[in-house]
Each structure stands twice: as structure tokens, then as C-alpha cells.
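Residue numbers for the sequence shown follow full-length UniProt numbering, beginning at 1 and rising by one. C-beta atoms are modelled at their ideal positions from N, C-alpha and C, and glycine is treated no differently. Please read these numbers as outputs of a predicted model, since none were measured by experiment.
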Amino acid sequence: MPDVLLGADLGTSGLKLVALDPDGGVLAQAERAYAYDRPAPGRAEIDVATWRSALDDTLAEIAPHLAGARVRALGLSGQMHGAVLVDGAGVAVGPALLWPDRRAVGELSRWRALAPDDRAVLANPLVPGMTGPLLAWLARHDPATVAGAATVLLPKDALRATLLPGADPAVTDRSDASATLLWDVVADGWSRAACRAAGIRRELLPAVRPSAEVAGVARLPLGEVPVVVGGADTPLALLASGATSGAQVNLGTGAQLLRPGHRPRAGTDPVVHTYADTTGGWYAMAALQNGGSAWEWVCDVLGLSWAEFVAAAAGVPAGAGGVVFRPFLSGERGGVAGPEDRGSWTGLHAGTTRAHLARAALEGVAFAVRAAFDLVDVPDDDPVLLTGGAARSGVVVQLLADVLGRAVRPLGLRSASAVGAAVLAGRGVDVAVAPRREDGALLEPRPDDGLAAARHRWSAGLLRPGGTGPVPGPLA
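So this is what it looks like as C-alpha cells:
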């Protein structure tokens, strides 16, 4: 049995674990689903122990497939944003607050009140689920807990701390740090002005180390395994795909539209995010909070499995009989819609069926992806790479190609972020590996007047945050 590298992706609704061989092939993989808590409207949190339990379960599941192998290293990928306050030993002092959480909407005024230069160097839209605003809310409503915490961690860092009880837990990497609204993109370091806006002491923020640096050695059932610092899920999906130009769409719980090779610059009111990757560079991202999560909600409401949902939608012509679905169930993070926007089905009539509702929902998320895609400057002739669970559905891939007006190729990876984490782990122990995958066929866009008209209906009257105009019009 060859040496193997492990990569775990800590997602919003589940954890995925993969084992790569030296040739980049997937030897074994496992996943565990979990749900985060919603203790009050607009809140999203979870016990860190839930994450650790999911990791332990997946490690136990793949262990029989790795008998005799030497595990060289483990890399962690994690959902971005959020906040986990921990003590000096890295033990969480409360639940992890997650990126869909909207409790800090009112705290964003602190960032708007920053001096223009201090705000411009943050170079990112203001989103309530980012670490800075969540800390500002905690500092206002639970100051004792903040005062007693040793540091704040990002999700993957909190999971790593449970694996390395003897190591310094106060560590993160640039890819996560740059997505907190506490990071000076121009200086490439923590912003003291943003810390003051959040009402926190600078010492609460973790040290920033290279993503591939070994943070410690974990004692696992598979042996003693070096664990690297790790990175955010989005740039690790880029690492797995090998994309250095063009565009990549990650469609999971939310959706991210990515353009690698971006050059950061200051901007006071950007609608596109500027984040660090795991290799020293940067990428631009337009993001949606509501992607697969909106489809999951629709499946629950309509009483359909995912397969039944897709089949029902595929049986209805484009335009869903005039029904329009806007997927903003948890508000949006800017660019396409704002935190106060909500989801809806409109255009219902006596002839509307469950299949029409399913078709409208499938289209509504795709239209939101197109609106976000239009915010990112991508050359016209570049195809789009697609990752995430949606990449496994030919119906969804073709619909995205039709809506984007671009050729789309699904990547043949069950979890691109987990694979990217394994690649990162290899770099930490000087083992170079390139993922081996069987990508799907390149699907070309098909002109459809009915779909173009449906998108026009979807876009009509939908204003960008701040009333800066409608989402871009019908398909080109």
C-alpha cells in the first residue's frame, strides 16, 4: 500500500474526507452530514464537537481501505468567515458562529464609519457573517465571553485545534484571514482600524502562517500524522482544479464565482470580494449565500428528494409557466441582493403545479449565479469550471451553461476542496501530487428565448444593495 495524503473539507452542512495516493488518485473517501443550529431567526451556530465527531467518523470509515499505508499528512479545508472564540488551549468557549448568521447586520455601520482610507484597504463588501462583524456583535452583547477568550479562530482552525492539543492554537492562514473584514488587503496584514471598529483587542487575532506549514502532529487511529495549517474551502477548490485563469463556479450550500490571478487594490464600496489564495496570490470572488441551500429548502417544502426535484424541473419547459423564484432565503451578501432581501415564488396561477415550482427554483438559483458571474470580469472565450454537488447533475450543468452563455465543464472530483486540502498537506511534507480526475464533458450553451425571457422577469425590479440599479438584463 502506497503512502497517502488526507484532506478534509469542513463544510456548512457536512464534512468530506479524501485519501490521495502519490499519483493523485482517490483511494478512499467518506462524508458525514450535520445540521447547524438556528436558535433564533437569522442566527447560525454549531458546537465544534459536532465537527470533530464528523471527522472521527470519516477517519474510521476510510481506515479499512488504508490498511498498511503510511499517512504522510492531513490538510484541512474549511467554510469561510464565522467566528469561534477559544481559550488558551484552543477549546471553544461557546458555539461557533457561522457565515449564514445575520445577527451582526446592525454592526456593519461601524465599518461604514471608518475613515475612507481605512475602509478602502479592506477592499471587500460588508457582510454580517464575516468574523469582524460577528465579533463586534459579541463584544456588544457578550463582552465577558470576548474578554475571557484567548483568541478567535476560523472554522478549520478550530477543528485543527481539537487535533493538536499540545500545539499553539492561535494560528490561521492568509486565505481565511483575508475574508474576515479585519484584513488590510493592501498591506497584507491585520487592520488595527478594523479591530477598533469591531471593539476588540488586536491580540485576540491569531498569528498568520503559510497554509502548507505543519502546525503539529496529531495522534489518530491511522498513526501519528502531521497536520498543516490548512486553508479556506474556495481557494483550495481552485488548487484542486489547477485553474490559474478563466472562471470557476463552486455551487454547494452557497455559490462562489471565482477569477484566479486577481490583483488586489483598495476600494471603498466593492461588490466583488478580494481574497488571498493558499499559494501567495489572490483571486476575485462574487458570492451568493443561497445556492444549494435554497434547492434543499425547496425539496423539503415540496416533499421531493433531490433526484425527484431535478426530474420534475427537467420535465417543465424553460420559464416555469411564468413562475419566478428568488432564492434569497437568508438574505444576500451584496452585489446581487442585500442582507434584508428575502426569497419568494411569484407569478403563481391556477395552473401552477409542483413541477413548475421546482423548475422555477432550479432556474432562480441559476439566474442568481449569472447575476453574480456578471460582476466578475472574465474573458468571453474562457469556459467555466464547475465544482460542488451540483456538478454531478447533467441537468444543472446544462442549465448553467445556457444561463451563463458559456461552455461549462464539471470537474470530476466529489469534493474539490477536500482534494485541494490533501494537495496542500503534501506540500507541507515535500510530497508533490497533482489530482487525477475524470472531468465531465464540456457542455455548450443552447440559445433559448424562453429562458432569456424568464431571466428578464427574474431580474426586473431587483435592485442591487443601495439602489444602484437592476441586476444585469437578459441573456446576451
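Residue state for proline 235 is assigned as helix, using DSSP reduced to three classes.
Taking all protein chains shown into account, aspartate 157 has 16 or more neighbouring C-beta atoms within 10 Å of its C-beta and is therefore buried.
When secondary structure is reduced to three states using DSSP, glycine 7 falls in the strand class. Residues Cys299 of the same chain have their beta carbon placed closer than 7 Å to that of tryptophan 306, with the five preceding and five following residues left out of the count.
Counting only residues of its own chain and dropping the five nearest sequence neighbours on each side, arginine 437 has a CB closer than 6 Å to the CB of Gly412, Leu413.
Sixteen is the threshold: since fewer than 16 other Cβ atoms of the shown chains lie within 10 Å of the Cβ of glutamate 213, the residue is exposed. By the Cβ-count criterion, serine 415 is buried, with 16 or more other Cβ atoms from all chains shown falling within 10 Å of its own Cβ. By the neighbour-count criterion, in which 16 or more other beta carbons inside 10 Å mark a residue as buried, glutamate 203 falls on the exposed side.
Closest by C-alpha distance to valine 396, out of Pro383, Ala368, Ala371, Glu363, is Glu363. Annotation: serine 53 is outside any beta strand (DSSP E); the continuous alpha helix (DSSP H) that includes it extends over 48 to 62. In terms of CA proximity to glycine 223, Ala73 leads the group Asp9, Ala73, Asp184. For arginine 70, there is no enclosing alpha helix (DSSP H), as DSSP marks it with neither H nor E. For histidine 356, the enclosing alpha helix (DSSP H) covers residues 354 to 373. Selection Val384, Gly405, Ala418, Thr253 evaluated against proline 447 yields Gly405 as nearest (Cα-Cα). In the DSSP assignment, glutamine 29 falls within the beta strand (DSSP E) that extends over 26 to 33. The straight-line gap separating the alpha-carbon atoms of proline 317 and leucine 181 is approximately 43 Å.
Take the alpha-carbon of glycine 389 and the one of glycine 252: they are about 6 Å apart. Alanine 368 and leucine 108 have their C-alpha atoms roughly 24 Å apart.
Assigned with DSSP and collapsed to three states, tryptophan 295 falls in helix.
A check of alpha carbon separations from aspartate 173 across Leu76, Ala33, Leu462 identifies Leu76 as the nearest.
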